[in-house]
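Let me begin by presenting the structure, written as structure tokens, before commenting on it.
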Amino acid sequence: MRRILSMLKLNTLRNQMLLGFLAVMLIILTFVGGITFHSVSTLLKNNAEKHIQQTAIQANGRLESVLEQINSLTTLVSTNDYIQQLLLRDIEGHPATFTERQALPSIINLVQIYTDGIKSVELYNKDGVRLYPLDGSTLRDKVPEDWIEMATRKDGSLVWFGIDPLDSTSLVAIRQISLIDRHFTTGGYLLIRSDRDKFALKDSLSGEGDGETVLLLAPDGQFITSNDDTISQKTAAKLVEESDEQIASIGKQSFIVVKQRSSVTGWTLLILTPVNVITKGISVLRTTIVVSALMGTLLFTLLSFFLSILITRPVFRLIKAMRSTRLGILKPIENVSSTMEIQELNYSYNKMVDNINELIQLVYEKELSRSHTELKALQAQINPHFLFNTLDVLYWSLLDRDEDQLAEYVVAMSDLFRYTITGSSKGGWVKLQDELEHVKRYLLIMKMRFEDRLEWEIEVPSEFSNVELPRLLLQPLVENAVLHGVESKIEPGWIKLTVAGDEEWVTITVEDDGMGMDEEMLRSLVEGLDSGKVSSSKDSGVGIANVHRRLQLFFSRENEQGAAMTIDSQKGQGTRINIKIPVRGDKMP
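The sequence shown runs 261 to 849 under this note's numbering.
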């Protein structure tokens, strides 16, 4: 074997390096080319699908925007005082007169005035008799009975049904009119006919190429609009049912299927894009990768040949100079060759040695710093215990001197510090009863300062005692009430804390009878909370800002609506702060 290698001159370092470079390069080019082709082709396809999906979302958004506009205008009509009174008298046995019905167009036609594509809006009483227009038809003559029943079950919501049974160019929607003065019972109906072409979505194509199809289907599979008559209603309904399929075959052609369902109407938007349109650039990509790989292989062969010659000649001298590092001594070496490549290697090696020495020194300094940090951490653990022990000694000393009231204040202060300093095992969450105990201790200490000028009242139903909330959430609000409600007054002041709620929400209220705020100051505070730019001055509500920010952080993902904080204040009458949070933890029955 050695003789063969010797004959072929493959046992030289230069040739072995050359063959090794070529073998590695071919493997890498094959692997990278395959990965690149697969990744880029997948990326092109995924980007096209995402683009189509985004197009579907935007088209559905435009559709829902039009529907929401119609919904808002019909809501205004259904809650109009004149129409409400007219339908109420009709139920009470006083049908609308001809003169009263003549006044309806100015109200009902608002929908057609402010919305494009509305063909007609009709008003019916509870029994389905048409009040407008004035031809006496009934609602049951216009739409099926089950449509009326469905609109009634929706309790006043606008319900879209689909194509008008009497006019295939129109879409029908019905809204039940609830009588506000009669406990929201059914008083009548609004029948809206919209132009079907309004929902054609002609501008919704994603632009991926020719042959893209856009379909809009009702929940029963009925076509609302379609730009391709070759696709049957049965085929479209099947595509809607196969919710997990992203690629479907229709005839001899495969399509990428993107679906978007409207939460307003229940209609489904289908966008079908031919697969060959999306993947038409992949063949060009394949050819480009193959040509690039061949050119790269040829170029790399030539470069490797010359590079192997340049490297092997001085490399042994470099190795000999570097053998001293085997002894564990990392020291720079002198240049042993005038060749630029070897000089670069020497420079790189020397730079590496310098960096390693610097890293060794850095690691040493970090270890030393870590040791100091651990010592400080241990000392920080001792300091709170020292404080608590000192307060405990002071407490017993006051008891020995019969200073019971001062001893009680010391206990309250010790508990106050302990609650503030020590952490929570639940990631910052505490029970409401623990938070209220902390508030009481704070008020007790403030009582020592203000004496008879400070009174407070805490009303908390027992079933909310175990509700969890962020730690130190209420004390800043109570402190704010003391500083701005009691301290600013000469006469006595009071603070009231109440808790109320239900199975899902808890509302905590902190109020005082202090000086309060005028409208401008209150508006400035609220705007500062919303923008997160509350001043750090004493009177600007930095404690309130802290509570507001922590409510956002703790409850932003707890509930779809999150938590809320409202502030009510009047100059000279006091301030009230309400916090509404989702129920978290065990709520007693």
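We put the CB at the ideal spot given by N, CA and C, even for glycine.
Taking all protein chains shown into account, Y384 has 16 or more neighbouring C-beta atoms within 10 Å of its C-beta and is therefore buried. Taking 7 Å as the cut-off, the beta carbon of R453 is found closer than this to the beta carbon of S380. Every unbroken stretch of the alpha helix (DSSP H) spanning 4 or more residues and falling wholly within the stretch 512–563 is given here in chain order: 535–538. Here T334 is buried, its C-beta having at least 16 other C-beta atoms within 10 Å. Distances from the alpha-carbon of H808 to those of N838, G832, E779, G834 put N838 closest. Residue state for T315 is assigned as helix, using DSSP reduced to three classes. K756 places its beta carbon less than 7 Å from that of E771. Taking C-beta atoms under 8 Å as the contact rule, L426 and K402 qualify, at a distance of about 7 Å. In terms of Cβ geometry, T473 and D457 do not form a close pair [threshold 7 Å].
In the displayed model, D488 falls within coil according to three-state DSSP, outside both helix and strand. Each residue's CA atom was taken as its position, placing F560 and N320 some 53 Å apart. It is roughly 39 Å from the alpha-carbon of F815 to the alpha-carbon of F421. Taking each of G745, V742, V738, E764 in turn and checking the Cα distance to T758, the smallest one comes out for V738. Taken in chain order, the unbroken stretches of beta strand (DSSP E) that lie wholly in the stretch 677–757 and span 3 residues or more are 689–691, 714–719, 728–730. Secondary structure of G294 (DSSP, three-state): helix.
Under the DSSP assignment, T359 falls in the alpha helix (DSSP H) whose first and last residues are 358–362. By the C-beta density criterion, S568 is buried, having at least 16 other C-beta atoms within 10 angstroms. L545 places its beta carbon 7 Å or farther from that of V292. Looking only at A478, N275, L286, D762, the smallest Cα-Cα distance to P842 is reached by D762. The three-state secondary structure of M775, taken from DSSP, is coil. Sixteen is the threshold: when 16 or more other Cβ atoms of the shown chains lie within 10 Å of the Cβ of P534, as they do, the residue is buried.
Distance from the CA atom of F358 to the CA atom of T445, rounded to whole angstroms, is 25 Å. The alpha carbon of L336 has as its nearest neighbour, out of L323, T485, Q372, L499, the alpha carbon of Q372.
For I368, the enclosing alpha helix (DSSP H) covers residues 365–368. By the Cβ-count criterion, S722 is exposed, with fewer than 16 other Cβ atoms from all chains shown falling within 10 Å of its own Cβ. The alpha-carbon separation between T302 and N536 amounts to approximately 14 Å. Counting the other CB atoms within 10 Å of its CB gives R390 a total of 16 or more, which places it among the buried residues.
E780 and E747 have their C-alpha atoms roughly 22 Å apart.
Counting the other CB atoms within 10 Å of its CB gives D350 a total of 16 or more, which places it among the buried residues. Y679 is classed as buried because its beta carbon has at least 16 other beta carbons within 10 Å across all chains shown. Within the DSSP bridge table, the entry for T398 names V389 as partners. In the same chain as R521, and ignoring 5 residues on each side of it, the C-beta atoms closer than 6 Å to its own belong to T528, in chain order. With 16 or more other Cβ atoms from the protein chains shown falling within 10 Å of its own Cβ, E728 counts as buried. No Cβ-Cβ contact shorter than 7 Å links I549 with A308.
Straight across, the Cα-Cα distance linking L418 with W765 is about 30 Å.
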